[in-house]
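Student: Here it is, the structure, as structure tokens.
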Amino acid sequence: MANDLPAWFERLSKSQPLDVTSLLRLIALSKEHLANQPTLLDLPAPITICGDIHGQFSDLLTLMTLDIGQRILFLGDFVDRGSHSVETISFLLVRMKYNGDTRVYKAFMDVFDYLPLGTPSVQHDRILTHVPGALVNNQLLAIHGGLSPAIHYLDQIRMINRVMEIPSDGAFADLVWSDPEPKTNGFHLSPRGAGYMFGGDIVEKFLHLNDLQHISRAHQLCMEGYQVLFRDTLSTIWSAPNYCYRYVQCSMLS
């Protein structure tokens, strides 16, 4: 795979799609690589954290041209809503473009079971792909959704078997679907139908138990591009500008 990356990168940088054989091979190799990654990544600072992309491929390309450093952590929701979802996830698996072959589509659906929460960390031309969470500098927890009443310690996240379709309930589902709620304490069932709403007391307790300072997450639309809650202990990051034709700003966290 590493030997093919330079040629693939050059071709895709010119907006020239890969052939189907190369695309399917890249997906297979990516799954193999992902299966060997830990469930909770340990990443050093400095790093740039990005929120939802939602298939906005041109905005993703713009983001990659900015001077944001060499390492980028994406928190998930790579696809849907936007008109170039397959191009977006392909780009994150070494800047590929989808050309309509049904075998490629089915292969992407399968690889999503290995990429449930959407946190690939990109360094140069090497992709360290998505796992349920990332621990940055042993101070900041980066996850897609939120906390779970079944998860008290980071080691419990490390023990999750993530190579499956995201379940409808349980700790894995909660990490994907849960949202903070500034007007409540404790956990309450989420109106999304999966996950929980959780208050600042839950965040404070989790940070204390794990000797952390902050939680960064995505999963929620923020009109200003970001939202900071609970006395600067939790932030939501949104990286899809003008989402669904609305005036929405975007942000990244460095």
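For the sequence shown, the working numbering assigns the number 1 to the initial residue and increments by one for each residue that follows. Quick reminder that beta carbons are idealized off the backbone N, C-alpha and C, glycines included.
I need the boundaries of the beta strand (DSSP E) containing A134, first residue and last residue.
Tutor: 133 to 136
Student: Between which two residues does the beta strand (DSSP E) carrying I72 extend?
Tutor: 71 to 74
Student: Let me confirm a value: C250 is counted as buried when at least 16 other C-beta atoms fall within 10 Å, else exposed. Which label applies?
Tutor: buried
Student: What span of residues does the beta strand (DSSP E) with M285 cover, start to end?
Tutor: Summary: the structure shown does not reach residue 285, with the chain confined to residues 1 through 254, and so no result is reported for it.
Student: If we count the other Cβ atoms within 10 Å of its Cβ and call it buried at 16 or more, is Y153 buried or exposed?
Tutor: exposed
Student: May I ask which residues mark the beginning and end of the beta strand (DSSP E) holding I89?
Tutor: Here I89 belongs to no beta strand (DSSP E); instead the alpha helix (DSSP H) covers 85 to 92.
Student: In chain order, which continuous runs of the beta strand (DSSP E) of length 3 or greater are located wholly inside the region 136 to 184?
Tutor: Fully enclosed beta strand (DSSP E) runs of 3 or longer: 140 to 143.
Student: Could you spell out where the alpha helix (DSSP H) holding S216 opens and where it closes?
Tutor: No alpha helix (DSSP H) holds S216; the beta strand (DSSP E) holding it covers 214 to 217.
Student: Are the region 17 to 28 and the region 45 to 56 touching, with three or more C-beta to C-beta distances below 8 Å?
Tutor: no
Student: At a cut-off of 8 Å, would you count I49 as near the ligand MG, judging by its Cβ distance to the nearest heavy atom?
Tutor: For the structure depicted, the ligand MG is absent and the ligand set is empty, with no information on it obtainable.
Student: In angstroms with no decimal places, state the Cα-to-Cα distance between D179 and V163.
Tutor: The C-alpha of D179 lies about 23 Å from the C-alpha of V163.
Student: Are the region 132 to 146 and the region 75 to 91 touching by the rule of at least three beta carbon pairs closer than 8 Å?
Tutor: yes
Student: Are there 16 or more other CB atoms within 10 angstroms of the CB of Y196, so buried, or fewer, so exposed?
Tutor: It is buried - the Cβ of Y196 has at least 16 other Cβ atoms within 10 Å.
Student: Is it the case that the Cβ atoms of H219 and D232 are separated by a distance below 9 Å?
Tutor: Using a Cβ distance threshold of 9 Å, H219 and D232 do not count as a contacting pair.
Student: Please report how far the alpha carbon of L92 lies from the alpha carbon of S58, in whole angstroms.
Tutor: Between L92 and S58, the C-alpha separation is close to 13 Å.
Student: Just verifying my parser: in three-state terms, what is the DSSP assignment at D4?
Tutor: coil
Student: May I ask you to verify whether the region 216 to 230 touches the region 171 to 187, counting CB pairs closer than 8 Å and requiring at least 3?
Tutor: yes
Student: Can you name, in chain order, every residue of its own chain whose Cβ lies under 8 Å from the Cβ of L61, other than the five neighbours on each side?
Tutor: F91
Student: Could you tell me the alpha carbon to alpha carbon distance between P241 and L63, rounded to whole angstroms?
Tutor: 11 Å
Student: Rounded to the nearest angstrom, what separates Q156 and G199 at their Cα positions?
Tutor: 20 Å
Student: Can you tell which of Q37, A28, E32, D169 has its C-alpha closest to the C-alpha of R158?
Tutor: Q37
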